[in-house]
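In our numbering, the protein residues as written are 38 to 449.
Inspection log for the structure reproduced underneath, given as structure tokens.
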Amino acid sequence: MTGHGSRTITDVDVVVCSPGRSYVTLRLGTADGLVGWGDATLNGRELAVVAYLRDHVAPLLLGKDSSRIGDLWQYLYRGPYWRRGPVTMAAISSVDQALWDIQGKAAGMPVFQLLGGRARERLMTYPHASGHTVEDAIASIAAKLEEGYAAVRVQASVPGLPSTYGIHVGDSRDHAYEPAHTDLPDEEAWNTPLYLDFVPKLMKAVRDELGYGFNLLHDGHHRLTPTEAAWLGKELEPQRLFWLEDVTPAEDQSAFSLIKAHTTTPLAVGEVFNSIWDCQQLVTNRWIDYIRCATTHTGGITHMKRILDLADLYGVRSGCHGPSDVSPVGMAANIHLGFAVPNFGVQEFMGYPDAAAEVFTTSYRLVSGHLEIDDTVPGLGVEVDVEAAERFPYDRKYLPVNRRLDGSMHDW
Ligand code: GCO
Ligand code: MG
38 MTGHGSRTIT DVDVVVCSPG RSYVTLRLGT ADGLVGWGDA TLNGRELAVV AYLRDHVAPL
98 LLGKDSSRIG DLWQYLYRGP YWRRGPVTMA AISSVDQALW DIQGKAAGMP VFQLLGGRAR
158 ERLMTYPHAS GHTVEDAIAS IAAKLEEGYA AVRVQASVPG LPSTYGIHVG DSRDHAYEPA
218 HTDLPDEEAW NTPLYLDFVP KLMKAVRDEL GYGFNLLHDG HHRLTPTEAA WLGKELEPQR
278 LFWLEDVTPA EDQSAFSLIK AHTTTPLAVG EVFNSIWDCQ QLVTNRWIDY IRCATTHTGG
338 ITHMKRILDL ADLYGVRSGC HGPSDVSPVG MAANIHLGFA VPNFGVQEFM GYPDAAAEVF
398 TTSYRLVSGH LEIDDTVPGL GVEVDVEAAE RFPYDRKYLP VNRRLDGSMH DW
């Protein structure tokens with residue numbers, strides 16, 4: 038539908054910057070001067086989405102009515118013949134977020150008001166705690182609890198492996214820590230028996246030392262078979278985890294039927310999903326407890342709302358992916374949904390490099406391990422300083438790859 042009114046989209050820009058981490062941000066402008074921002078960051082493959090947006094989406098948006106959010110979503114999803122996939126869906130996500138941002142600004146309301154209004158006062162978040170030893174990991178959790186967090190994810194170096202993904206170096210508040218992001222991919226080594234031997238000991242030590250008065254999470258990064266995952270889930274039952282994340286790659290959704298049949302440890306998955314179809318069997322068969330999709334990678338607020346509504350029918354709660362490679366714009370989109378939906382579970386909040394605050398300012402803030410939001414700021418509440426972004430030119434980085442000890446590739 039072509040728009041002729043004040044809400045017509047008149048300009049489309051893509052801002053690419055790397056203030057410590059890389060971000061792709063879509064900017065839509067309307068005839069009446071409103072500006073909407075959307076996050077299109079796809080960690081390690083950023084420029085593929087930039088090309089998709091600049092070459093194939095921008096020409097379609099110019100002249101359209103920005104208030105027709107649902108119809109534009111359908112136009113971009115059904116229109117091009119090729120559906121889904123992370124590049125397409127990150128691009129659609131950014132358009133959708135920017136349109137909700139504009140809709141909120143036009144209405145003079147924060148987006149969560151348009152989604153049904155505030156359902157809670159603050160959002161429980163979880164940060165990452167880690168250590169090279171069990172003692173360091175426990176100290177790292179204790180420091181997070183001291184800051185007020187009610188939930189903490191813990192990872193620790195697996196003894197016998199030269200390195201383990203997700204372990205901070207130096208101060209864990211220094212978000213440059215992920216040594217994992219390098220000019221060419223680091224090669225990490227993986228060994229399942231060592232991991233399976235270690236994780237139950239780690240979790241038991243954590244509970245023995247710190248007790249059961251907080252929510253404890255762990256991320257498996259898709260590295261186990263369904264049978265191994267079922268064993269680990271059973272083994273961890275006495276430690277009463279809040280969730281065990283990404284135990285096995287989830288292209289094969291039915292693999293979770295086996296895991297769920299064997300353990301009462303709650304299961305979370307979905308950070309690499311990009312549509313409701315990736316979640317359908319997992320949710321409707323009650324094979325998972327938390328759905329981890331991020332608004333940035335799963336079609337924006339419009340599509341995430343549908344996923345979370347479906348999930349709610351089956352008692353599945355949200356746990357949106359929130360690493361520092363989802364930009365503050367995408368994080369805001371997760372947060373507005375989190376304030377409005379009935380089935381909010383937890384919001385991951387890994388934090389951002391200091392330099393990112395020079396580019397993005399937000400209306401949400403972290404207070405004692407929980408997220409609060411300013412009711413008075415319309416739209417998504419994130420402003421992007423384009424001149425500041427220019428000070429941080431794009432810097433290509435890769436995540437590590439993962440090989441078994443015999444040299445063959447393993448899952449991420
Ligand atoms: C998480 C994730 C991250 C990812 C990262 C990759 O649970 O936050 O697993 O640690 O590794 O987002 O892009
Ligand atoms: Mg994860």
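Every residue gets a Cβ at the ideal spot worked out from N, C-alpha and C, and that includes glycine.
None of the values given here were measured: they were computed from a predicted structure.
Is the beta carbon of residue i within less than 7 Å of some heavy atom of the ligand MG?
i: glutamate 288; result: no
i: histidine 258; result: yes
i: glutamate 282; result: yes
i: glutamate 225; result: no
i: glutamate 308; result: yes
Should residue i go down as buried or exposed, given a rule of 16 or more other Cβ atoms within 10 Å for buried?
i: aspartate 208; result: Because aspartate 208 carries a pLDDT of 49, less than 50, the predicted location of this residue cannot be relied on, and no value is offered for it.
i: serine 291; result: exposed
i: glutamate 308; result: buried
i: leucine 319; result: buried
i: aspartate 411; result: exposed
i: aspartate 234; result: exposed
i: serine 194; result: buried
i: tryptophan 110; result: buried
i: aspartate 211; result: With a pLDDT of only 42 at aspartate 211, under the threshold of 50, the placement of this residue in the model should not be trusted; the figure read from the coordinates follows. Exposed: under 16 other Cβ atoms inside 10 Å.
i: histidine 255; result: buried
i: proline 379; result: exposed
i: tryptophan 324; result: buried
i: alanine 298; result: exposed
i: proline 430; result: exposed
i: proline 96; result: exposed
i: valine 189; result: buried
i: glutamine 317; result: exposed
i: glycine 418; result: buried
i: lysine 434; result: buried
i: proline 451; result: The chain is shown only over 38 to 449; residue 451 falls outside these bounds and no answer can be derived.
i: tyrosine 118; result: exposed
Quick one: is the Cβ of residue i within less than 7 Å of any heavy atom of the ligand GCO?
i: proline 437; result: no
i: histidine 447; result: no
i: asparagine 80; result: yes
i: histidine 358; result: yes
i: methionine 368; result: no
i: glutamate 83; result: no
i: aspartate 387; result: For clarity, residue 387 is methionine in the given sequence; the question names aspartate instead. Methionine 387: yes, Cβ under 7 Å from the ligand GCO.
i: aspartate 362; result: yes
i: glycine 203; result: yes
Between residue i and the rest of its own chain, which residues show a CB-CB distance below 7 Å, the 5 nearest in sequence each way excluded?
i: aspartate 48; result: Gly66
i: valine 363; result: Asp76, Thr78, Ala331 and Thr333
Sorted by chain position, which residues of the same chain lie with C-beta nearer than 8 Å to residue i's C-beta, five sequence neighbours on each side aside?
i: methionine 446; result: Val438, Asn439 and Arg440
i: leucine 408; result: Arg159, Leu160, Thr162, Ile372, Gly375, Gln384, Phe386, Tyr401 and Arg402
i: tryptophan 314; result: Arg121
i: histidine 106; result: It should be pointed out that residue 106 corresponds to isoleucine in this sequence rather than to histidine. Within the same chain, isoleucine 106 has close Cβ partners Asp133, Leu136, Trp137, Gln140 and Thr339.
i: lysine 241; result: Pro275 and Gln276
i: arginine 82; result: Pro123 and Val124
i: isoleucine 175; result: Gly168, Ala242, Val243, Glu246 and Leu247
Please state whether DSSP places residue i in a helix, a strand or coil.
i: aspartate 108; result: helix
i: aspartate 391; result: coil
i: valine 87; result: helix
i: isoleucine 328; result: strand
i: asparagine 371; result: helix
i: lysine 101; result: strand
i: arginine 354; result: strand
i: glycine 70; result: coil
i: glutamate 308; result: coil
i: threonine 229; result: helix
i: aspartate 76; result: strand
i: phenylalanine 397; result: strand
i: aspartate 50; result: strand
i: threonine 301; result: coil
i: glutamine 290; result: coil
i: tyrosine 60; result: strand
i: leucine 319; result: helix
Could you pull out every residue in the same chain whose Cβ sits closer than 6 Å to the Cβ of residue i, ignoring the five residues on either side in sequence?
i: arginine 260; result: Asp448
i: tryptophan 137; result: Val148 and Ile338
i: lysine 142; result: Leu71, Pro415 and Gly416
i: glycine 153; result: Ala377
i: valine 94; result: Ala128
i: alanine 305; result: Trp280, Glu282, Tyr327, Arg329 and Gly356
i: valine 284; result: Gly257, Leu261 and Ala266
i: proline 365; result: Phe397, Thr399 and Val419
Shorter than 8 Å from the beta carbon of residue i to some beta carbon of chain C?
i: proline 117; result: Absent from the structure: chain C. Only one protein chain is present.
Worksheet item: In chain order, which alpha helix (DSSP H) runs of at least 4 residues are fully inside the stretch 120 to 199?
Response: With a minimum length of 4 residues, the continuous alpha helix (DSSP H) runs that stay inside the stretch 120 to 199 are 123 to 144, 148 to 151 and 171 to 184.
Item to complete: Starting from the N-terminal side, write out each stretch of the alpha helix (DSSP H) that is 4 residues or longer and does not extend beyond the stretch 244 to 283.
Response: 263 to 272
Worksheet entry | Completely contained alpha helix (DSSP H) runs for the stretch 404 to 449, where each covers 4 or more residues | 423 to 427
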